[in-house]
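Remarks on the structure that follows.
Numbering (my numbering), first residue to last: 6 to 165.
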């Protein structure tokens, strides 16, 4: 696996394939993930998104995982982790942990004091919430029925 931080040609399709491949995200969520890459390509740093890409060593065009994070507009030092996704063949091998740690490190170096993560309260997302808790994140808020009736938004945070 090789870290990469800048965008390259084809990242929109690579992110689309990766996020779809996880089998975890809805078609609308896949579109949002791709939109963040497109916005970054079009607006550069003004878009406010930073990326950590984990490229395959065997096939550099293949994306093993990625994370997207950025400073929350209107704050001094609060960051959002917008996306983290790992290909199915790489899941359970520590890549998600490494992507999160690298994102936190880069955010901290840019002045972040706290990283926030939004996720669903549905049972399907319990492993996701457990991952964040294991990584030192705590629940800051639960917004009832945020995504849909019975689908809460859970906001977790970690002081960096």
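Glycine included, C-beta positions come from ideal geometry on N, C-alpha and C.
Straight-line Cα distance separating residue j from residue i
i, j, result
"residue 53", "residue 128", "31 angstroms"
"residue 133", "residue 139", "10 angstroms"
"residue 166", "residue 42", "Residue 166 lies beyond the residue range present for the chain, which begins at 6 and ends at 165; the question has no answer from this structure."
"residue 121", "residue 10", "20 angstroms"
"residue 104", "residue 94", "16 angstroms"
"residue 56", "residue 108", "8 angstroms"
"residue 126", "residue 32", "19 angstroms"
"residue 47", "residue 83", "24 angstroms"
"residue 5", "residue 80", "Since the first residue shown for the chain is 6 and the last is 165, residue 5 is missing from the structure and cannot be characterised."
"residue 144", "residue 159", "7 angstroms"
"residue 17", "residue 112", "23 angstroms"
"residue 163", "residue 119", "6 angstroms"
"residue 26", "residue 15", "16 angstroms"
"residue 3", "residue 165", "The question about residue 3 has no answer here: the residues shown for the chain are numbered 6 through 165."
"residue 97", "residue 7", "18 angstroms"
"residue 155", "residue 70", "30 angstroms"
"residue 85", "residue 45", "15 angstroms"
Buried/exposed call for residue i, threshold 16 Cβ in 10 Å
i, result
"residue 124", "buried"
"residue 147", "exposed"
"residue 63", "exposed"
"residue 37", "exposed"
"residue 153", "exposed"
"residue 117", "buried"
"residue 135", "exposed"
"residue 50", "exposed"
"residue 19", "buried"
"residue 150", "exposed"
"residue 75", "buried"
Residue i (DSSP reduced to helix, strand or coil)
i, result
"residue 124", "strand"
"residue 115", "coil"
"residue 161", "strand"
"residue 12", "coil"
"residue 130", "helix"
"residue 155", "coil"
Presumed contact (8 angstroms Cβ cut-off) between residue i and residue j, rounded CB distance
i, j, result
"residue 100", "residue 59", "6 angstroms"
"residue 161", "residue 130", "Contact doesn't hold; Cβ gap of about 11 angstroms is too wide."
Minimum Cβ-Cβ distance from residue i to chain B less than 8 angstroms
i, result
"residue 33", "Protein chains in the displayed structure number just one, and chain B is not present."
heavy atom of the ligand GTP below 7 angstroms from residue i C-beta
i, result
"residue 80", "The model on display carries no ligand, and the ligand GTP is accordingly not part of it."
What runs of the beta strand (DSSP E), each 3 residues or longer, lie entirely inside the region 55-116? Qualifying beta strand (DSSP E) stretches, in chain order: 55-60, 68-76, 83-91.
Within the region 16-57, note down every full beta strand (DSSP E) run reaching 3 residues or more, in order along the chain. none
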